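First up is the structure itself, then whatever we jot down about it.
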Amino acid sequence: MFMRKPAAALVMVLAFMIAGCASTRGPKTRIDYDKAADFSVYRSYGFPKETGTDRGGYSTLMTSYFKGSISSAMEARGYKYDAEHPDLLVNFFMNTRERTEILSSPRMSMGYGYYGYRYGLYNAWPMYDEDRTVTYQVGTINVDIVDAEKKQLIWEGVAEGRVSDESMANPKVTINAVVTELMRSYPGRPDM
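Going letter by letter, the sequence shown gives residues -22 to -1, 1 to 170 in mature numbering (1 follows the signal peptide of the UniProt record, and there is no 0).
Quick look at the structure:
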């Protein structure tokens, strides 16, 4: 009888941990594009003189990571890079911000402390809510593809998710993974 209550509490804790892990599996993505645009007429791509990740007139390491990932994705679709007169301009931006949440989770009264006299006999109530504050980093990546002649946005990909220590330590790998995921939904290929 004594083992059933701690075992039930352990199962409940594991269930909450698994549920918590399920919500942090990867970034949520959102894609939008101009349904009237004819993506087959575009043959080349380039980047604006100053991208969203450039700072103070110079190009950052993040800029080079994005350019590499986007170039791989665009060239895999048949687009050619053109620095002077591209059909499409690809811009990108990323930021991180701190998010704080108050999480409620049920906890079992195991009868310790003041209520220790109940241990093994009964619990006051089956569960009490326990609030805890969690602060973490959230990152957002935007990739914009613009008709260079019209200066009009024709496709946008946005990814947002919790930033892990691993992704902060390996930004090039993280950016490549997110750009690859976003570009899977890009509808265009040049008409050969």
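Where a beta carbon is used, it is the ideal one built from N, C-alpha and C, also for glycine. Fair warning: this is a prediction, and the values are worked out from it, not measured in the lab.
query                                                                                                  : result
Pull up the distance between the alpha-carbon of Pro26 and that of Ser50, whole angstroms please.      : 17 Å
Express the C-alpha separation of Asp125 and Asp12 in angstroms, rounding to a whole number.           : 11 Å
By DSSP, does Ala(-1) sit in helix, in strand, or in coil?                                             : Below a pLDDT of 50, predicted positions are generally treated as unreliable, and Ala(-1), at 39, falls in that range; the measurement from the model is reported next regardless. If DSSP states are grouped into helix, strand and coil, Ala(-1) belongs with the helices.
Can you tell which of Glu53, Tyr23, Thr111 and Ala137 has its C-alpha closest to the C-alpha of His63? : Tyr23
Please state whether DSSP places Phe71 in a helix, a strand or coil.                                   : strand
Going by the DSSP bridge assignment, what does Val16 pair with across the sheet?                       : For the record, residue 16 in the displayed sequence is Asp; it is not Val. DSSP output for Asp16 lists no bridge partner at all.
Where does the unbroken beta strand (DSSP E) through Ser22 begin, and where does it stop?              : Ser22 to Gly24
So the alpha helix (DSSP H) Glu159 belongs to, where does it begin and stop?                           : Pro149 to Met161
Ala126 lies in the beta strand (DSSP E); which residues open and close that run?                       : Here Ala126 belongs to no beta strand (DSSP E), and DSSP marks it neither H nor E.
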